[in-house]
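In this note's numbering, the protein residues as written are 7 to 153. Cβ coordinates follow ideal geometry from the N, Cα and C atoms, glycine included.
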Amino acid sequence: MYMGASVWTFLRRQPGELRPVAQRAVEQFISKAGCLPGDAEGFVRYVQVVVNLQNRRATEVLHVGFFQYRVLKNGRLDRKHFREIMAAVPEAAFGWLQLTKPPPGVVGAEHRFAKRRLEHLNTWKPTRDELSKLRVLVNHKAGREIM
């Protein structure tokens, strides 16, 4: 019995429109100067759906992420914006491991603000219509209802 996971990716070129895109294309966009079309606001927005596989068939959705990255007019990743995102990651992920405690009466919440900033920089919130379309796309690709 084969078990594993797969990542399905859908590009949002404009509000309400979701289309499958190869995960490899997204990886090349982020790491190897590949190109993806941006939306009217200058972002590449996409959905990653991680599915559980049994016997090479999707059986359940494990995670859904809605990501966005600023894009240049030529379709390449805006590296300056990407560096802003990467700069927010350590504090958002590990800020709770404070080396020094805040003074009495002060709540150490910097990591919460960093996490919120990171979410603001690299995630987007889909509309109900987009969630419905995503559900249809995922269930169609799975050949059954898993979302």
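Compute the Euclidean distance between the alpha carbons of residue i and residue j, then round it to the nearest angstrom.
i	j	result
Phe35	Ser138	27 Å
Leu24	Phe16	6 Å
Pro21	Arg141	16 Å
Glu66	Pro110	47 Å
His146	Leu83	30 Å
Val77	Gly44	6 Å
Glu155	Arg51	The question about residue 155 has no answer here: the residues shown for the chain are numbered 7 through 153.
Glu33	Glu47	21 Å
Gly149	Ala31	24 Å
Arg62	Ser12	9 Å
Lys79	Met153	35 Å
Would you kindly check if the distance between the Cβ of residue j and the Cβ of residue i is under 8 Å?
i	j	result
Gln74	Phe49	yes
Val55	Val144	yes
Lys121	Ala98	yes
Thr129	Phe88	no
Going by Cα to Cα distance, which pick from the options is closest to residue i?
i	options	result
Gln60	Ala39, Val53, Gly10 and Arg51	Gly10
Gly81	Lys38, Glu151 and Tyr8	Lys38
Val53	Val70, Ala64, Glu47 and Arg62	Val70
Gln29	Arg118, Leu42, Glu90 and Glu47	Leu42
Arg118	Pro96, Arg134 and Arg150	Pro96
Leu127	Glu33, Glu136 and Ile91	Ile91
Arg85	Ala46, Gly40, Glu47 and Glu125	Gly40
Tyr8	Glu125, Ala64 and Ala148	Ala64
Arg18	Thr133, Arg123 and Arg62	Thr133
Can you say whether residue i is buried or exposed, counting buried as having 16 or more other CB atoms within 10 angstroms of its CB?
i	result
Leu57	It is Val, not Leu, that sits at residue 57 in the sequence shown. So Val57 counts as buried.
Leu68	exposed
Glu136	buried
Ala94	buried
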